[in-house]
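Numbers 1 to 114, taken from full-length UniProt numbering, label the letters of the sequence shown in order.
Heads up, the beta-carbon is just placed ideally off N, CA and C, and yes, glycines get one too.
Below is one structure; the comments refer to it alone.
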Amino acid sequence: MSENNQNLKELLIYITQIEDKRQASKIKHKLSDIVVITLFGILANVEYREEIEEFGKLYLKALKRYLELSNGVPSHDTIQRVMAIIEPEVTEVLLTKWMELKISGEDKKIRKRE
């Protein structure tokens with residue numbers, strides 16, 4: 001497994017360990033699915049939650065390679081509500097792990113060019 005794939009796997013594992021504070025009876029979408037769609041959307045320069053929902057719909061097939069999405073793409077309102085309950089410290093660690101993934105990928109690209 002390449003270093004980049006290993007880092008992505010670690011990121012996805014970390015995301016699945018984020019505490020879900022929602023009422024279990026009302027959960028329609030996995031927390032990890034919402035976080036990953038949001039993260040990928042942000043990295044694709046998506047600015048608004050409505051655009052994150054559209055991004056998810058547009059790339060649904062590709063996202064299903066990594067995510068369950070058993071109820072499809074969550075609505076922008078769901079995305080906003082869920083992301084608002086995640087602790088800032090968790091978001092900070094998530095972004096740090098993502099940057100580690102990006103840096104390891106960039107490092108690989110640089111080495112290939114040498």
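For residue i, the three-state DSSP class (helix, strand or coil)
i, result
"Glu19", "coil"
"Gly56", "helix"
"Arg65", "coil"
"Glu50", "helix"
"Gly72", "coil"
Residues of its chain near residue i, where Cβ-Cβ distance is below 8 Å and the 5 sequence neighbours each way are ignored
i, result
"Thr78", "Lys28, His29 and Ile34"
"Asn71", "Lys28 and His29"
"Arg22", "Leu31, Val82 and Ile85"
Candidates the options, of which the one nearest residue i by Cα
i, options, result
"Leu95", "Gly56, Val82 and Leu39", "Leu39"
"Tyr66", "Gln23, Val36, Lys97 and Gly72", "Val36"
"Leu58", "Glu47, Val73, Leu31 and Lys26", "Val73"
"Asp20", "Glu92, Gln80, Glu89 and Ile85", "Ile85"
"His76", "Trp98, Gln23 and Phe55", "Phe55"
"Gln80", "Leu60, Ser25, Ile52 and Asn45", "Ile52"
First through last residue of the alpha helix (DSSP H) which encompasses residue i
i, result
"Ile27", "Ile27 -> no alpha helix (DSSP H), and no H or E assigned at all."
"Ala84", "His76 to Ile85"
Assumed close pair residue i, residue j - CB separation to whole angstroms, cut-off 8 Å
i, j, result
"Leu69", "Leu8", "Their Cβ separation, rounded to whole angstroms, is 17 Å, which puts Leu69 and Leu8 out of contact at 8 Å."
"residue 133", "Leu12", "In the structure as shown, the chain starts at 1 and stops at 114, and residue 133 therefore has no counterpart that could be examined."
"Ile18", "Val90", "6 Å"
Beta-carbon proximity list for residue i, same chain, < 6 Å, skipping 5 on both sides
i, result
"Thr16", "Ser32"
"Val46", "Ile52 and Phe55"
Sequence-distant residues of the same chain with beta carbon closer than 7 Å to residue i, five excluded per side
i, result
"Arg49", "His76, Ile79 and Gln80"
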